[in-house]
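A quick write-up on the structure given underneath.
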Amino acid sequence: MNIAIVGTGYVGLVSGACFAEMGIDVTCVDIDEKKIQRLLDGEIPIYEPGLDDLVKRNVDAGRLHFTTDLTTCLDDVEVVFSAVGTPPDEDGSADLKYVLEVARTFGRNIKKYTILVTKSTVPVGTALKVKAAILEELEKRGETVEFEVASNPEFLKEGAAIKDFMSPDRVVVGVESERARKVMTKLYRPFLTNNFRVYFMDIPSAEMTKYAANAMLATRISFMNDIANLCDLVGANVDHVRKGIGTDARIGSKFLYSGCGYGGSCFPKDVKALAHTGKEHGYTMGVIEAVEAVNERQKSIVFHKLQQQLGDLRGKTIALWGLAFKPETDDMREAPALVIIDKLVEAGATVKVYDPVAMDECRRRIGDKVTYCKDMYDAVIDADAIALVTEWKEFRVPSWTVIKKVMKSPVIVDGRNIYDKEDVLSEGFHYTAIGK
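Numbering (our numbering), first residue to last: -7 to 428.
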């Protein structure tokens, strides 16, 4: 089976490599010539554990190809996936210009029955716009060619994307015909031979499922952050509360961890887009709007706790452990670290940072606004406080004895609640976390 995937960003490249791993012939397409050349040279433009080996193995096997021109492979493929970016507009809506450009290219060049599958996260109703764009191009050609559109939203977690793709909880596919259903079943069957978990539905429901899933997870995070902030005020411990409610089978324990807010390429953008979709239809998504508001406020919580511990931050040196929005990625889109850095610099503090993989990305985004350190211990030399922002594994069991010797003052603000309070206090540190 031959397919093409347009867009070699996080979703497109992971999807292409994983499809190829299962024996499917995949051509990944991107208009960015430099990115395609890097891929042809064996360079992976994103950080994802295991992806470089997966790409190399399938390129060497002749199953994974890269090009800047979709038309070079369109005659040979049964399915084209659109995995291009949908950046947020100023009003919070998803910008569909790249999605619609793929549709127009598709419509200008198809010669046989082909399915265009939207894998990008798009608002409900996008499939209708995609179909209209294709039909418009076919009318310009004066030709009638059979095609279909479908929706196949991704549910990949950065840092565990390959596992998620190869052994998915579920695959959601929105189709309009039995013919399209059979093609998509054939495509996904190799992944799900033991327990075939593809959920077919109408396209609007598939489009909505992606937004609803991310909004629910974001809601749980913001809810627990709200609870944690109240715990601080009333003297409760959010870790105990989390365990107390997480053991309720109706609630469960996942995504109940409080911290300094969520970031990344999905949750912030999708929550905004879902709220905007509601407004477009005359409906206020009250819960969703509150989720976003709580999260934006939460991104400043580490800064405020540093102020509480140190007072005036002018002339103070803060060591920031972690820059990426979560572990196992270098992604800093909407990362709390960016908000914290801005506020600390504005307050007159010197910021020293360390992250296992996101240093280059941080430098690309903010330049020399901060001091980049070679490791976590380098960052704390002469620091007035440590702010733990990303819960990388290497931060979990530091040598507090060594750290205390080189710091100006033994203060730590745990923005992810990864440390045992009594342990850190016993080492002679002033410790504060979120909700404890």
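Don't be surprised by glycine CBs; every beta carbon is placed ideally from N, CA and C.
Nonlocal neighbours in the same chain, by C-beta distance under 6 Å from Lys149, ignoring five residues either side: Numbered from 1 along the sequence shown, position 157 holds the residue referred to as residue 149. The beta carbon of Lys149 is closer than 6 Å to those of Asp156 in its chain, skipping five residues each way along the sequence.
Leu184 and Ile(-5) closer than 9 Å at C-beta: Translated into the one-based positions of the sequence shown, residue 184 becomes position 192. Translated into the one-based positions of the sequence shown, residue -5 becomes position 3. Not in contact: Leu184 and Ile(-5) (Cβ atoms no closer than 9 Å).
DSSP-derived helix/strand/coil call for Tyr90: Taking the sequence shown and counting its residues from 1, the one referred to as residue 90 is at position 98. In the structure shown, Tyr90 sits in a helix (DSSP, three-state: H, G or I).
Burial state of Gly42, where buried means 16 or more other Cβ atoms lie within 10 Å: Within the sequence shown, residue 42 is the residue found at index 50, counting from 1. Its Cβ having fewer than 16 others within 10 Å, Gly42 is exposed.
In DSSP terms, what Phe139 is bridged to: Residue mapping note: residue 139 aligns to position 147 of the sequence shown, counting from 1. In the DSSP output, where bridge partners are listed per residue, Phe139 has Thr106.
Three-state secondary structure (DSSP) of Gly166: For this step, residue 166 is matched to residue 174 along the sequence shown. Three-state result, Gly166: strand.
Nearest to Tyr346 (by Cα), restricted to the options Arg356, Ile332, Leu330 and Leu315: By 1-based counting over the sequence shown, the position of residue 346 is 354. Comparing Cα-Cα distances from Tyr346 to each of Arg356, Ile332, Leu330 and Leu315, the minimum goes to Leu315.
Collapsed DSSP secondary structure at Tyr180 in the structure displayed: Within the sequence shown, the letter at position 188 stands for residue 180. Three-state result, Tyr180: helix.
Asn206 burial status per 10 Å Cβ neighbour count (16 or more: buried): Residue numbering aside, residue 206 sits at position 214 when the sequence shown is read from its first letter. Asn206 should be labelled buried.
Residue environment, Ala53, which counts as buried when at least 16 other CB atoms sit within 10 Å: Along the sequence shown, read from residue 1 onward, the residue named residue 53 stands at position 61. Looking at its Cβ environment, which holds fewer than 16 other Cβ atoms inside 10 Å, Ala53 is exposed.
Those runs of the alpha helix (DSSP H) which lie wholly inside the segment 309 to 351 and span at least 4 residues: 328 to 338
Closest by C-alpha distance to Ala282, when choosing among Ile213, Leu56 and Gly4: Position 290 of the sequence shown holds residue 282. Closest option to Ala282, Cα to Cα, is Ile213.
Proximity of Ala119 and Glu199 at Cβ, strictly below 9 Å: Numbered from its first residue, the sequence shown carries residue 119 at position 127. Numbered from its first residue, the sequence shown carries residue 199 at position 207. Result yes, Cβ atoms of Ala119 and Glu199 sit closer than 9 Å.
Cα-Cα separation between Asp24 and Ile293, rounded to whole angstroms: Locating residue 24 in the sequence shown gives position 32, where the first residue counts as 1. Locating residue 293 in the sequence shown gives position 301, where the first residue counts as 1. If I take the Cα positions, the gap works out to 38 Å.
Closest Cα partner of Glu13 within the set Asp44, Tyr39 and Met277: For the purposes of this step, residue 13 is taken as residue 21 along the sequence shown, with counting starting at 1. Comparing Cα positions, the closest option is Asp44.
Residue environment, Gln300, which counts as buried when at least 16 other CB atoms sit within 10 Å: The residue labelled residue 300 in the question sits at position 308 within the sequence shown. When all chains shown are included, Gln300 counts as exposed.
Sheet register partners of Ile(-3) (DSSP bridge): Counting from 1 along the sequence shown, the entry for residue -3 is found at position 5. DSSP lists Cys20 and Phe73 as partners of Ile(-3).
Whether Lys132 touches Arg181 by CB criterion (9 Å): Here residue 132 refers to the residue found at position 140 when the sequence shown is read from its first residue. Here residue 181 refers to the residue found at position 189 when the sequence shown is read from its first residue. No, the Cβ-Cβ distance between Lys132 and Arg181 is not below 9 Å.
Whole-number beta carbon distance between Ile219 and Ala142, since they are thought to touch under 8 Å: Taking the first residue of the sequence shown as position 1, residue 142 is located at position 150. Taking the first residue of the sequence shown as position 1, residue 219 is located at position 227. About 40 Å; that fails the 8 Å criterion.
Test item: CB-CB of Lys395 and Ile378 under 9 Å: Locating residue 395 in the sequence shown gives position 403, where the first residue counts as 1. Locating residue 378 in the sequence shown gives position 386, where the first residue counts as 1. The sequence shown places Ile at residue 395, not Lys. In this structure, Ile378 lies closer than 9 Å to Ile395 by Cβ.
With 16 other Cβ atoms within 10 Å as the buried cut-off, status of His232: In the sequence shown, counting from the first residue as 1, residue 232 sits at position 240. It counts as exposed.
Element boundaries [beta strand (DSSP E), containing His57]: By 1-based counting over the sequence shown, the position of residue 57 is 65. Here the beta strand (DSSP E) through His57 covers Leu56 to Thr59.
Beta bridge counterpart(s) of His422 as assigned by DSSP: Working through the sequence shown from its first residue, we reach residue 422 at position 430. According to DSSP, His422 bridges with Val403.
Touch test, the segment 99 to 114 against the segment 66 to 85, Cβ-Cβ under 8 Å, three pairs minimum: yes
Beta-carbon contacts of Asp162 that lie in its chain and below 7 Å, excluding the five residues immediately before and after: Within the sequence shown, residue 162 is the residue found at index 170, counting from 1. With the sequence shown as reference, residue 162 is identified as Arg, and Asp is not the correct amino acid for it. Once the five neighbours on either side are set aside, the close Cβ partners of Arg162 are Arg189 and Tyr191.
Cα-Cα separation between Trp392 and Glu419, rounded to whole angstroms: Here residue 392 refers to the residue found at position 400 when the sequence shown is read from its first residue. Here residue 419 refers to the residue found at position 427 when the sequence shown is read from its first residue. Each residue's alpha carbon lies about 7 Å from the other.
Alpha carbon of Thr177 to alpha carbon of Ser112, nearest angstrom: Indexing the sequence shown from 1 puts residue 177 at position 185. Indexing the sequence shown from 1 puts residue 112 at position 120. If you draw a straight line from the Cα of Thr177 to the Cα of Ser112, it comes to about 19 Å.
Three-state secondary structure (DSSP) of Ala265: Looking up residue 265 in the sequence shown gives position 273. If DSSP states are grouped into helix, strand and coil, Ala265 belongs with the helices.
CB of Ile426 within 9 Å of CB of Asn144, strictly: For the purposes of this step, residue 426 is identified with residue 434 of the sequence shown, where counting begins at 1. For the purposes of this step, residue 144 is identified with residue 152 of the sequence shown, where counting begins at 1. Going by C-beta atoms, Ile426 is not nearer than 9 Å to Asn144.
Enclosing alpha helix (DSSP H) for Phe147 [first to last residue]: Within the sequence shown, residue 147 is the residue found at index 155, counting from 1. For Phe147, there is no enclosing alpha helix (DSSP H), since its DSSP letter is neither H nor E.
Sequence-distant residues of the same chain with beta carbon closer than 8 Å to Met351, five excluded per side: The count along the sequence shown starts at 1 and reaches residue 351 at position 359. If we look at Met351 and ignore the five residues flanking it on each side, its Cβ neighbours are Leu315, Val345 and Tyr364.
Rounded straight-line distance, which links the Cα of Ser250 to that of Phe215: Translated into positions along the sequence shown, residue 215 becomes position 223. Translated into positions along the sequence shown, residue 250 becomes position 258. One C-alpha to the other measures close to 9 Å.
Contact set for Thr201: own chain, Cβ-Cβ below 6 Å, skip 5 residues either direction: Within the sequence shown, residue 201 is the residue found at index 209, counting from 1. Once the five neighbours on either side are set aside, the close Cβ partners of Thr201 are Val164.
Pairwise C-alpha distance: Gly134 and Ala152: On the sequence shown, residue 152 is found 160 positions in, with the first residue counted as 1. On the sequence shown, residue 134 is found 142 positions in, with the first residue counted as 1. Whole-angstrom Cα-Cα distance: 46 Å.
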